[in-house]
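Protein chains in written order, with my numbering: chain A, 1308 to 1454; chain B, 159 to 730; chain C, 11 to 259. Heads up, the thing below is written out as structure tokens.
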Amino acid sequence: MARAAHPETMGPRRPGPTRTAPPMMPPKFPMAGRYRSYTLFGACSPAFVISSLILLRITWALGDGEAAWSEVLRDLRHPLSLLYHGVALVAFLYTGWRFFIKLFGKSQPPRIGPFRPPPAAAFPPMLIAAWVVASAAVTAVAWGLVL
Amino acid sequence: MTEVLRHDIVIVGGGAAGLRAAIAAVEADPDVSVALVSKVYPMRSHTVSAEGGAAAVDRDDDSFELHGYDTVKGSDFLGDQDVIQYFVQEAPKELTRLEHWGCPWSRNEDGSIATRAFGGMTTKRTWFAADKVGFHMLHTLFQHSMRFDRIVRYDEQFVTKLIVDGGAVRGVSALDIREGVSRAILGRAVILATGGAGICFPFTTNGNIKTGDGMALAYRAGVPLKDMEFVQYHPTGLPGTGILVTEATRGEGGRLFNRKGERFLENAAYGVGSKLELGPRDMISRAVDQEIRAGNGFEGPHGQYLHLDLTHLGRKLLETRLPFVLELCRTYVGVDPVTQPIPIRPVVHYMMGGIDTDIDGATEMPGLYAAGECGNHSLNGANRLGSNSLTECLVFGARAAIHALCFAKGVEAGSESVARQQTEEEAARIASLRGQRKGGESLARTRSQMQEVMEEGLGVYRNQDGMRVAVEKLAQIKERAADIRLEDTSTVFNTELTAYLELVNMLDVAEVAALSGLARRESRGAHACSDFPERNDREYLHHSLVRFDDRRPRVEKKAVTLGRWEPEARKY
Amino acid sequence: MGSNGKKTIVVTRFDPDRDEVPRTQSYEVPVQSDWQVLDALNFIKDEIDPSLSYRWSCRMAVCGSCGMMVNGEAKLSCKDPLSKYGDTVEVTPLANFPVIRDLVVETEGFLERVQRVKPWIIRAKEKAVEEGPVRQSPRELADFSQFSMCINCMLCYSACPVVGNEPHFLGPAAIALGHRYNLDSRDEGADERYQIFREEGGVYACTYANECSEVCPKNVDPAAAVNQAKVGAVLDWAKGLILPRGGEG
């Protein structure tokens, strides 16, 4: 059964001359049909907040000396942290797939000033290539292969 | 107390003609107040379904003279030549105006307007926006009309009566479909632009709203309807639904085939000569009809049909120029025109006839104008050429508005008390209809009976006996219509009530069409009589008028305005 | 076409003259195999219950009148084959709209939104007819042509999760229409529309559920339009910072 929408949804500025039945939300919202994908997309956002805080802490620790840095590394190896990062990886992949692969390409205007962005279909391969290269670079740095 | 609203011009109908008229009026006069009254929201008007294009001279190899001659010949010499001359000259200006207002016309590589071939036209002069021309024109006009706050819209208001006082029209009584109340909308001039009446027939390309309302309003007020026997059958409708497959399919190179695989239009007897699929609609519909009668059709679940083949045109052309045809065929008959021929059969498409007007759109009644399909300026005569009607809506919508404006300046506004009294009578009549229980006739069945009678009596081919039977049966159906039982007593959005009002309108229009047909004992344009197969200029080179006089229809004649082109044999 | 047996059509009914709240009513309908949902409703109206109210006209998916929810999805009922559903089909009025009667919803709020985006060509100096048509290359036409295909059927508003929570949201079709004019090479009014897009309830209220594009029967892809307009609106804002416009900011 559908839930009620905001009572003013799609009403005219001046109420109409006859009594109306209130607007209802789309019956499948939020968890049925295609809305599930959208709701999950939204549900991934805490991962971004938490990971941002973790990044902040790591950056902070870099300036606090050897001991602080070791503590961060120890915390990161904690089983709960590993578990979180596993979940976060899935969340990032899902968000990335939905936003960058599915939606990003068509969100580019046909012209930006004098420039024309590449066609929408070109974005997924370009973005995947960029992601592979960036991941390889980060991995290389992390393994100590470069720098 | 019944509300009385005041405007200078009242326009009934929000399709291309009505919107064009509204815009023309407010552009011409900075102070004018226009009421645009429509029984639907304007973007639902049936203009939206037009597919193929709008004609206007544009190319170097074309001329007003050629467009004029094509139109005269297409009309089987029943078009008034002064009207046609004005029309062809104004056509390019009107389509250019629409371009300036944002209509997304298809383009040539150099950015100029692209044109395509159409039936009965000598050269490519049909402007198009892929195959959704009516849709784009209507939305462009509707959106452009939103700029003007002096166009006051009355959406979903069903006009049930013209307010007439002292022999002149003073406004309209309109039923608010949502509220169920009637209001008087006073105007110094009224323009009817309510479209055609295809729903008088069971098998039509027309939308459900095309019920001849404006024609019936004028007719009942004593204004004659003209040339109503000329009903255009479009050769290519989808079996079952009657959905239109645009003539642009043939303009782009589509071919018609019968069951034997013959391109039957090559048969000289069909009269289209070397034009073949680009012949005029009346001739091609007759050819398709004859092929089916001769047993050369394919057998399908909705009767016999022929093939329209586009497969040789290639996917790219079809996807860029005829995307809507692809969508319609795939959705409604499960055929992909890229690889399969389309099943088609003739289908009622357009009423050449309408409210009798002069070149200005003025009717006999002071203050009453008509434009678009519901009016008859004698542009289309006995057969309209494809792509002339969208342009007609613009040219004569604008002209009617300018002349209505001039008229309005010279007259006082109508009397409020008369308007109120007439509207209160309407309100009482409508109130008594809601839940009317006096008889047991079914609305839907009565409508079907009318439609069957019209299909039998006024088909692609007609004959005297058939039309006489139609007239008799329509009279009986009209009587029974008074006994229709209406179940819905609600005041709010009572669509059973509006369907009943529409049926009453259609019965008037249908009767007029049958009577006009019976009086024309010749074959001309779309009026093909099997018992009078020849055109008879000596006796019938005149318009048919039917006037509601003394509560009875009376058939009259009206002279045709000839000009530089004398009637000649219509050979292609 | 052959009969396809019977289906039960469960329709939401609401008549403000007598119903406090909407109710449902079931109809047994003998259906044909090539019927759309609209054909079943027309059968009900003609043969069973003439008081059922709904809008329809063209029955070829272009007038935009007959939008409704069929088994929970926003559909044009004239372009929704019955054969793909089971024995019971539930038809309710468009979600996210006040209901006037049965399957008829309030349209005024939608048209107010359409009008707000100034859906007409804005030019500093209007062209005279004598100047002839403006040149526009096929490529320039293609820039906006998809977004000009909207038939105002309002299905996108019924699918959008933002519309039902944020009553000021302009919504998919109106933004797509405004964006269509912004992209038109003949138009010079983009800055006016971008200002409207940046207001509360403008393009940034969109959370990119993409449902509008999923249900659009004409492949307009309003979600693409809205999100392109987000980019455009921010670029326009940045341009305004660098090159201040006279008058309103």
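Each residue gets a CB set at the ideal place from its N, CA and C atoms; glycine is no exception.
Residue-chain proximity (residue i, chain A), Cβ-Cβ < 9 Å
| i | result |
| --- | --- |
| C/Leu-193 | yes |
| C/Val-39 | no |
| B/Val-310 | no |
| C/Ser-168 | yes |
| C/Val-173 | yes |
| C/Leu-186 | Note on residue identity: the sequence assigns Ala, not Leu, to residue 186 of chain C. No, because no Cβ of chain A sits closer than 9 Å to the Cβ of C/Ala-186. |
| B/Val-162 | no |
| B/Arg-336 | yes |
| C/Phe-24 | yes |
| C/Ile-110 | yes |
Beta-carbon neighbours of residue i, restricted to chain F and to distances below 9 Å
| i | result |
| --- | --- |
| A/Ile-1419 | The structure shown contains no chain F; the protein chains it does contain are A, B and C. |
Under 9 Å between C-beta atoms of residue i and residue j
| i | j | result |
| --- | --- | --- |
| B/Val-215 | B/Ala-249 | yes |
| B/Thr-254 | C/Pro-143 | yes |
| B/Val-310 | B/Gly-372 | no |
| C/Tyr-204 | C/Ala-183 | no |
| C/Gly-77 | A/Ala-1339 | no |
| B/Ile-588 | B/Val-348 | no |
| B/Thr-407 | B/Ile-500 | yes |
Proximity test, residue i beta-carbon vs the ligand FAD heavy atom, cut-off 8 Å
| i | result |
| --- | --- |
| B/Gly-260 | Absence of the ligand FAD is noted for the structure shown, with no ligands found whatsoever. |
Given residue i as reference, the closest of the options once Cα atoms are compared
| i | options | result |
| --- | --- | --- |
| A/Gly-1403 | A/Pro-1416, A/Ser-1344, A/Leu-1362 | A/Ser-1344 |
| B/Ser-732 | B/Asn-538, B/Leu-296, B/Ala-193 | Summary: the structure shown does not reach residue 732 of chain B, with chain B confined to residues 159 through 730, and so no result is reported for it. |
| B/His-535 | B/Arg-557, B/Ala-585, B/Gly-624 | B/Arg-557 |
| C/Val-230 | C/Leu-187, C/Val-99, C/Glu-198 | C/Leu-187 |
| B/Lys-631 | B/Thr-407, B/Glu-614, B/Ile-588, B/Gly-525 | B/Glu-614 |
| B/Arg-308 | B/Gly-593, B/Pro-188, B/Asp-228 | B/Pro-188 |
| B/Phe-690 | B/Tyr-698, B/Glu-680, B/Ala-684 | B/Glu-680 |
| C/Lys-17 | C/Ser-93, C/Met-70, C/Lys-85 | C/Ser-93 |
| B/Leu-468 | B/Ala-571, B/Gly-461, B/Ile-502 | B/Ile-502 |
| B/Glu-550 | B/Ala-183, B/Lys-251, B/Met-159 | B/Lys-251 |
| B/Val-170 | B/Leu-484, B/Leu-333, B/Met-295 | B/Leu-333 |
| B/Gly-721 | B/Leu-236, B/Arg-217, B/Met-201 | B/Leu-236 |
DSSP three-state assignment for residue i, whether helix, strand or coil
| i | result |
| --- | --- |
| B/Thr-363 | coil |
| B/Tyr-463 | strand |
| B/His-225 | helix |
| C/Val-80 | strand |
| B/Thr-205 | helix |
| B/Tyr-527 | strand |
| B/Cys-687 | strand |
| C/Gly-257 | Any answer about C/Gly-257 is weak, because its pLDDT of 45 lies below 50 and its placement is not dependable; what the coordinates show is given next. Three-state DSSP puts C/Gly-257 in coil, outside helix and strand. |
| A/Val-1439 | helix |
| C/Met-11 | With a pLDDT of only 49 at C/Met-11, under 50, the local geometry of the prediction cannot be trusted, and the value read off the model is given with reservation. Here C/Met-11 sits in coil by DSSP. |
| B/His-701 | strand |
| B/Ile-321 | strand |
| B/Thr-399 | coil |
| C/Asp-153 | helix |
| B/Asp-313 | strand |
Any C-beta of chain B under 9 Å from that of residue i
| i | result |
| --- | --- |
| C/Met-11 | In this prediction, C/Met-11 has a pLDDT of 49, which is less than 50 and means its spatial position is unreliable; nothing more can be read from the coordinates. |
| C/Asp-197 | yes |
| C/Val-72 | yes |
| A/Thr-1366 | no |
| A/Ala-1312 | no |
| C/Phe-154 | yes |
CB contact below 9 Å: residue i versus chain C
| i | result |
| --- | --- |
| A/Pro-1337 | yes |
| B/Tyr-199 | yes |
| B/Arg-202 | yes |
| B/Glu-485 | yes |
| A/Phe-1406 | yes |
| A/Leu-1410 | yes |
Boundaries (first-last residue) of the alpha helix (DSSP H) holding residue i
| i | result |
| --- | --- |
| C/Gly-188 | 182 to 192 |
| B/Met-510 | Counting along the chain, B/Met-510 falls outside any alpha helix (DSSP H), and DSSP gives it neither H nor E. |
| C/Tyr-64 | No alpha helix (DSSP H) holds C/Tyr-64; DSSP gives it neither H nor E. |
First and last residue of the uninterrupted beta strand (DSSP E) at residue i
| i | result |
| --- | --- |
| B/Ile-169 | 167 to 170 |
| B/Asp-623 | No beta strand (DSSP E) contains B/Asp-623, which is instead part of the alpha helix (DSSP H) from 622 to 639. |
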